[in-house]
Amino acid sequence: QFYTSKMNAYLSKQIALDNSLHHALEREEFQVYYQPQVDLRTGKIVGAEALLRWQHPEQGLVSPVKFIPIAEENGLIVPIGEWILMAACRQTKIWQTNCLPNLRISVNLSARQFGQHNLSQRLVHILEETGLEPKYLELELTESIFIKNTEATTRMLNELQTLGVEIAIDDFGTGYSSLSYLKQFPVDTIKIDKCFVDSVVTDSKTAKIVTAIIQMAHDLNMKTIAEGVETKAEFSFLRQRQCDEFQGYFFSRPLTATEFEQLLNRENYC
Ligand code: C2E
Ligand code: CA
Ligand code: CA
Ligand code: CA
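FYI, in full-length UniProt numbering the residues of the sequence shown are 302 to 571.
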């Protein structure tokens, strides 16, 4: 009885979220947050990751961890994903013009979006519409996409490479044991997952794994960025091991566009 009512409550909440997700775009309830990505050598801001936020009229701020899976399931991730791409590219172009000419924007791309046959045309449209050069757009794809070693995957990744956008592997090292996809696909950046960063200074095995990932990426002419960096010790370790970039609370939380711009002003980028 207890579990049943708990499950029912959970299910009706999920269904309510699913329903309101259908109206969230038109009601302009989404917002883009920007988390700075910093060059570990120079300490300068070189990019930002665009992160989706949903201000639900009744439930308040809903975490993407909660609603992205629902949007994946019902297909709404495609229009929502397109919306954040457009908004983030437009905003980045403005910051390039006013402050940082080489600012890069990283946008998460879900498997469902990646499966769209006309993805490159959609991206070309967004880049033309916003005036952002392709090389300043980095798409973050999870390992699950690469692991599907099908002809369609190869074709799409090659299309994206031809388009000139950058490709990053998100949450690297968390999902799959095979590394063979690294030699098959055009990859620019490896994103070292937070779970590694978390124990890099407390666990010597993790330290060795991270060191090896950085070394391997460099040998393959790829760049490394560490996510979820929260402490000075983590930062120092990564810098010493020549990781290229980092993002995390140690430098900044994800910020609203206004806050990000204030940060750029405060640090004299504009
Ligand atoms: P992710 O792509 O791995 O994004 C990194 C997450 O770590 C973000 O959570 C970010 O706010 C958080 N984070 C960054 N630095 C730190 C830190 O120092 N400490 C801690 N504890 N957390 C940190 P967020 O924004 O809640 O996003 C969660 C996930 O939702 C993302 O994980 C991504 O998978 C997904 N997501 C967010 N926005 C989008 C989007 O526009 N499209 C798609 N497809 N997925 C998105
Ligand atoms: Ca990401
Ligand atoms: Ca992650
Ligand atoms: Ca940590």
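We put the CB at the ideal spot given by N, CA and C, even for glycine.
Nearest neighbour of residue 432 by Cα position, chosen from 449, 325 and 390, turns out to be 390. In this structure, the beta-carbon distance from residue 448 to residue 479 falls below 8 Å.
Look at which beta carbons fall closer than 6 Å to any heavy atom of ligand 2; those residues are 350, 409, 441 and 471.
Counting the other CB atoms within 10 Å of its CB gives residue 518 a total of 16 or more, which places it among the buried residues. Between the C-alpha atoms of residue 473 and residue 531 there is a straight-line separation of about 18 Å. For residue 495, the distance from the CB to the nearest heavy atom of ligand 1 is below 7 Å. In this structure, the alpha-carbon of residue 319 lies about 13 Å from that of residue 365. With contacts defined as CB atoms closer than 8 Å, residue 495 and residue 529 qualify as a contacting pair. In the structure shown, residue 407 adopts extended strand secondary structure according to DSSP, grouped into three states.
Remark: the C-beta of residue 373 is outside contact range of ligand 3, defined as less than 7 Å to any heavy atom. Relative to ligand 1, residue 338 has its C-beta separated by 7 Å or more from all heavy atoms. If you check the CB distance, residue 442 and residue 489 do not come in under 8 Å. When the five nearest sequence neighbours on each side are left out, the beta carbons in the same chain lying within less than 7 Å of the beta carbon of residue 379 are those of 413, 414 and 417, in order along the chain. For residue 335, the CB stays at least 7 Å from every heavy atom of ligand 1. The Cβ atoms of residue 545 and residue 514 do not sit closer than 8 Å to each other.
Around the beta-carbon of residue 322, 16 or more other beta-carbon atoms lie within 10 Å, marking it buried. Not a single heavy atom of ligand 3 lies less than 7 Å from the C-beta of residue 383.
When secondary structure is reduced to three states using DSSP, residue 376 falls in the coil class, being assigned neither helix nor strand. Each of 437, 484 and 430 was checked against the Cα of residue 455, and the nearest Cα belongs to 484.
Within the stretch 496-542, complete beta strand (DSSP E) segments of at least 3 residues are found at 524-527, given in chain order.
At least 8 Å separates the beta-carbon of residue 469 from that of residue 436.
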